[in-house]
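Enquirer: I'd like to ask some things about the structure below.
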Amino acid sequence: LPEMSVSRTGNRAGASGRKCDHGLMPDRPTLTTPTAVLRMSPVALLAVLFTVLGLSPAILADPALFGWLALAPALAAAWVLRARTTADVRGLRVRGLWSSRTVEWERVSGVRFARRRSGRFGRFGVAVLTDSSELRLPCVTFRDLPALALASAGRIPDPFAALAATEK
């Protein structure tokens, strides 16, 4: 599930330094704009763990010959921990295993998804940019469109809300 963070800003003590029963509170907490952080679940690391357990007899039997096999689970774990797409009112921040990229909403003409899992981008979404190039959005699936619509302040339409509006 995507993380939607709407947080309060300010210090623990407000300008007047008012206190309440449980400590210092800000005078007027303000809400920040919604941010959608879409990433892999840490539970995916269990698959990496089972892969390591399955490979360990071969690696321990002859490390010189099979030691390179440990690279695959290490890369998979790094991808699970690093890959994410962050969306807010400014734009998209995409982080992959090797690189990061930030794109403003003005450069995004839409988001598309493949009909099948196979293909160049797999099951994750693709941002189509105004110069006709494409940007892979790791960890963004079709069900994440409501979170993207909220975080983008409506620049990405929510198809579920549109369907619900037509059914009424």
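Numbered according to our numbering, the sequence shown spans residues 1324 to 1491. All C-beta atoms, glycine included, are put in the ideal place defined by N, C-alpha and C.
1. Could you check which residue in Asp1481, Trp1421, Arg1407 and Val1371 has the C-alpha nearest to that of Phe1447?
2. Using 8 Å as the Cβ pair cut-off and three pairs as the minimum, do the region 1468 to 1485 and the region 1357 to 1367 touch?
3. Going by other Cβ atoms of all chains shown within 10 Å of its Cβ, with 16 needed for buried, is Pro1386 buried or exposed?
4. Which value, in whole angstroms, describes the spacing of the CA atoms of Gly1477 and Ala1484?
5. Label Asp1454 either buried or exposed according to how many other C-beta atoms from any shown protein chain fall within 10 Å of its C-beta, with 16 as the threshold for buried.
6. Would you report the Cα separation of Val1431 and Arg1466, rounded to the nearest angstrom?
7. If you reduce the DSSP assignment to three classes, tell me which class Leu1368 lands in.
8. Looking only at its chain, what residues have a beta carbon closer than 6 Å to the beta carbon of Pro1396, apart from the 5 residues adjacent to it on each side?
9. Enumerate in chain order the residues of its own chain whose CB-to-CB distance from Leu1378 is below 6 Å, with the five nearest sequence positions on each side excluded.
10. With DSSP collapsed to three states, give me the class of Gly1477.
11. Taking the beta strand (DSSP E) that Glu1490 falls in, what are its first and last residues?
12. If you draw a straight line from the C-alpha of Leu1486 to the C-alpha of Arg1418, how long is it?
13. Would you identify the three-state DSSP class for Ala1472, choosing helix, strand or coil?
14. Please classify Leu1404: does DSSP put it in a helix, a strand, or coil?
Expert: In short:
1. The count along the sequence shown starts at 1 and reaches residue 1447 at position 124. It is Arg1407 whose Cα lies nearest to the Cα of Phe1447.
2. Verdict: yes, contact present.
3. As a first step, residue 1386 is located in the sequence shown; it is residue number 63 there, counting from the start. Pro1386 should be labelled exposed.
4. The count along the sequence shown starts at 1 and reaches residue 1477 at position 154. The count along the sequence shown starts at 1 and reaches residue 1484 at position 161. Distance between the alpha carbons of Gly1477 and Ala1484 is about 11 Å.
5. As a first step, residue 1454 must be located in the sequence shown, where it is residue number 131. When all chains shown are included, Asp1454 counts as exposed.
6. Translated into the one-based positions of the sequence shown, residue 1431 becomes position 108. Translated into the one-based positions of the sequence shown, residue 1466 becomes position 143. Each residue's alpha carbon lies about 19 Å from the other.
7. Within the sequence shown, the letter at position 45 stands for residue 1368. Leu1368: helix per DSSP, three-state reduction.
8. Here residue 1396 is taken as the residue at index 73 of the sequence shown, counted from 1. Residues Val1371, Thr1374 and Val1375 of the same chain have their beta carbon placed closer than 6 Å to that of Pro1396, with the five preceding and five following residues left out of the count.
9. Residue numbering aside, residue 1378 sits at position 55 when the sequence shown is read from its first letter. Listed in chain order, the non-local C-beta contacts of Leu1378 below 6 Å within the same chain comprise Leu1392, local neighbours out to five positions each way being set aside.
10. Locating residue 1477 in the sequence shown gives position 154, counting from the first residue. Correct three-state label for Gly1477: coil.
11. Taking the first residue of the sequence shown as 1, we reach residue 1490 at position 167. Careful: Glu1490 lies outside any beta strand (DSSP E), inside the alpha helix (DSSP H) at Pro1482 to Glu1490.
12. As a position in the sequence shown, residue 1486 is number 163, starting the count at 1. As a position in the sequence shown, residue 1418 is number 95, starting the count at 1. Rounded to whole angstroms, Leu1486 to Arg1418 spans 31 Å at the Cα level.
13. Counted from its first residue, the sequence shown places residue 1472 at position 149. Helix, per DSSP.
14. Numbered from 1 along the sequence shown, position 81 holds the residue referred to as residue 1404. DSSP places Leu1404 in helix when its eight states are reduced to three.
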